[in-house]
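Q: Please find one structure pasted underneath; my questions will follow.
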Amino acid sequence: MANAVISRAHSKPREIKLHQLPAPIADQLNQLLDQADQHAERRDLAAYALLHAQAVTLIGIRQPTHGELARCTCQACYCDTVFDEHQARYYLDGNVEFIQCPGCVDDHLIHVDD
Numbered sequence: 001m002a003n004a005v006i007s008r009a010h011s012k013p014r015e016i017k018l019h020q021l022p023a024p025i026a027d028q029l030n031q032l033l034d035q036a037d038q039h040a041e042r043r044d045l046a047a048y049a050l051l052h053a054q055a056v057t058l059i060g061i062r063q064p065t066h067g068e069l070a071r072c073t074c075q076a077c078y079c080d081t082v083f084d085e086h087q088a089r090y091y092l093d094g095n096v097e098f099i100q101c102p103g104c105v106d107d108h109l110i111h112v113d114d
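For the sequence shown, UniProt numbering gives the first residue as 1, with consecutive numbering after it.
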C-alpha cells in the first residue's frame, strides 16, 4: 500500500489576511511590496521579482503562479488579503485602479461604469 505524500508547497495557504499576521511581519510585508512597486515603476524587474520572492517566503504562502503577489484594495469591504496576482481582478474607478481578490469577486463583483 502506497503512502500519500503531500509536498510542502501544497500544504501552504494560497493567500493570507494581513490582520492575521503579527504586526511587525505585516509591516515588513507591506514595505517589501511597496519597494517592489517602486522597482516596477523604474522597470527594474529583477529587483521586483526578488522582493516578491522575499515576501512569499516571509509570509509562508504558496509560490504564486507568476511569482507576483497582490493586495486586495476592494472598495466594497475592508479586505486585507494578500494573494497570487494571477488571480486578481482589476477595475478602474475614475483614474484609480483597484484590485479584488477572488473572495471579493465572488462576494461582490464591482462593476464600474465607463
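Just so you know, even glycine gets a beta-carbon here, dropped at the ideal spot from N, CA and C.
1) Buried or exposed for P13, going by 16 or more other Cβ atoms inside 10 Å?
2) Assess, as a yes-or-no matter, whether the stretch 60 to 77 is touched by the stretch 94 to 105 under the definition of 3 or more beta carbon pairs within less than 8 angstroms.
3) Exposed or buried, C101, counting other C-beta atoms within 10 Å across all chains shown (16 or more means buried)?
4) Taking the alpha-carbon positions, what's the L33 to A88 distance?
5) Check E15 in the structure and name its three-state DSSP category.
6) With burial defined as no fewer than 16 other Cβ atoms inside 10 Å of the residue's Cβ, what is the status of H108: buried or exposed?
7) Does the Cβ of V5 have 16 or more other Cβ atoms within 10 Å, making it buried, or fewer, making it exposed?
A: On the basis of the coordinates in this document:
1) Residue numbering aside, residue 13 sits at position 13 when the sequence shown is read from its first letter. That one is exposed.
2) Yes: at least three Cβ pairs fall under 8 angstroms.
3) Locating residue 101 in the sequence shown gives position 101, counting from the first residue. It counts as buried.
4) Translated into positions along the sequence shown, residue 33 becomes position 33. Translated into positions along the sequence shown, residue 88 becomes position 88. In a straight line, the C-alpha of L33 is about 16 angstroms away from that of A88.
5) The residue you call residue 15 lines up with position 15 of the sequence shown. If DSSP states are grouped into helix, strand and coil, E15 belongs with coil.
6) Position 108 of the sequence shown, counted from the start, is the residue given in the question as residue 108. H108 should be labelled exposed.
7) For the purposes of this step, residue 5 is taken as residue 5 along the sequence shown, with counting starting at 1. Confidence is the limiting factor: at V5 the pLDDT is only 49, short of 50, which leaves the residue's position unreliable and the question unanswerable from this model.
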